[in-house]
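Read in order, the letters of the sequence shown are residues 4 to 207 in our numbering. First up is the structure itself, then whatever we jot down about it.
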Amino acid sequence: MRRIDEYFVEQLFHDAICKYISQRRKPDKIHVTDLVHECLRFSYFLHKELPKWKMSEAISLWIGQVIHEFKLGLKYHEFEVEWNGIVGYVDEYDPDLGLVIEKKTCKELPRAPYEQHVKQVEYYYYLLKKNNYKVNDIFILYIDVANNDIRVFRVIPRDLLIIEKEILEKANLLKSFLEANTPPPPIATRFCRVCPFYVLCHIS
């Protein structure tokens, strides 16, 4: 019989939030969030394994997802849009205004939006435009959960053809690795130290 103690409760919580933050993924689709990471090897393992985040990272992601579920009052919340097998979930979208808002949690407000977040909303912009949805304004809303503050940045997307070339190249490359059941080569980034696939990455 399993021992019921403090460790049991910790693991129960940890397993539950790891499952919670992975629940929305569609394994047969390429997600926009798969394509904004520098390392496609991480995205590959997301399709093959349930990530086992360290407790601190799991809690940060869990808090972020709970905040994402808070509605700002626009027409659509977590609006699902798909094109050519690539799926994205736009945090807040109003087709009448052509307004896109992406919410991000942080522990310190950035002076400028992070590159991968800019690419994420650009890819949403691409998917929306390919589905004939209007997009006039794009914003990233950073929510500082450590200091209870916010900062908003307007994003001016690159030319649609440049975005299209980039997103399709990445998606096709990831698809080819997934179909071959072979992980892409690793790319060392600052994210490696918290990657839930660190051990798996080094033995594959």
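Heads up, the beta-carbon is just placed ideally off N, CA and C, and yes, glycines get one too. In this text the structure is predicted, and so the values were computed from the model without any measurement.
Which of the three DSSP states is assigned to residue i in this structure?
| i | result |
| --- | --- |
| valine 84 | strand |
| tyrosine 23 | helix |
| tyrosine 10 | helix |
Figure out for me which residue from the options has the closest Cα to the Cα of residue i.
| i | options | result |
| --- | --- | --- |
| valine 103 | Cys109, Pro113, Val69 and Val121 | Val121 |
| tyrosine 129 | Ile170, His205 and Thr192 | Ile170 |
| arginine 157 | Tyr201, Tyr117, Tyr92 and Leu53 | Tyr117 |
| glutamate 149 | Leu15, His40 and Ser63 | Going by the sequence as given, residue 149 is alanine instead of glutamate. The residue with the shortest Cα to Cα distance from alanine 149 is Ser63. |
| isoleucine 146 | Gln68, Cys42, Glu60 and Ala61 | Gln68 |
| glycine 91 | Asp8, Cys21 and Val35 | Val35 |
| proline 188 | Val197, His205 and Asn175 | His205 |
| asparagine 134 | Cys198, Lys106 and Ile89 | Ile89 |
| phenylalanine 73 | Arg193, Leu163, Phe194 and Leu144 | Leu144 |
| lysine 57 | Ala19, Asp94 and Leu100 | Ala19 |
| isoleucine 190 | Asn184, Ile70, Phe200 and Leu181 | Phe200 |
| cysteine 198 | His71, Phe82, Arg154 and Tyr47 | Tyr47 |
| tyrosine 79 | Asp8, Glu13, Lys168 and Tyr136 | Tyr136 |
| glutamate 111 | Val84, Val12, Ile153 and Ala174 | Ile153 |
| serine 59 | Leu77, Gly76 and His17 | His17 |
| leucine 203 | Ala174, Lys55, Leu15 and Asp31 | Lys55 |
Would you give the residue range spanned by the beta strand (DSSP E) that residue i belongs to?
| i | result |
| --- | --- |
| leucine 102 | 102–109 |
| tyrosine 89 | Inspection of the sequence shows that residue 89 is occupied by isoleucine rather than by tyrosine. Unbroken beta strand (DSSP E) run through isoleucine 89: 89–97. |
Taking residue i and residue j to be in contact with their CB atoms under 8 Å, please state how far apart those CB atoms are, rounded to whole angstroms.
| i | j | result |
| --- | --- | --- |
| proline 160 | isoleucine 141 | 6 Å |
| leucine 53 | serine 25 | 6 Å |
| cysteine 21 | alanine 61 | 6 Å |
| valine 124 | glutamate 105 | 5 Å |
| asparagine 139 | glycine 101 | 3 Å |
| tyrosine 126 | leucine 38 | 6 Å |
| histidine 40 | glutamine 119 | 7 Å |
| isoleucine 33 | leucine 131 | Contact doesn't hold; Cβ gap of about 17 Å is too wide. |
| tryptophan 86 | tyrosine 23 | Contact flag wrong, Cβ pair sits at about 27 Å. |
| phenylalanine 180 | proline 186 | 7 Å |
Next on the checklist: Please give the ranges of any beta strand (DSSP E) in the stretch 125–202, keeping only runs that are unbroken, at least 3 residues long and fully inside the region.
Outcome noted: 140–147 and 152–157
Next on the checklist: My parser needs the alpha helix (DSSP H) runs of 4 or more residues fully inside the stretch 28–75; what are they?
Outcome noted: 35–38, 43–51 and 58–71
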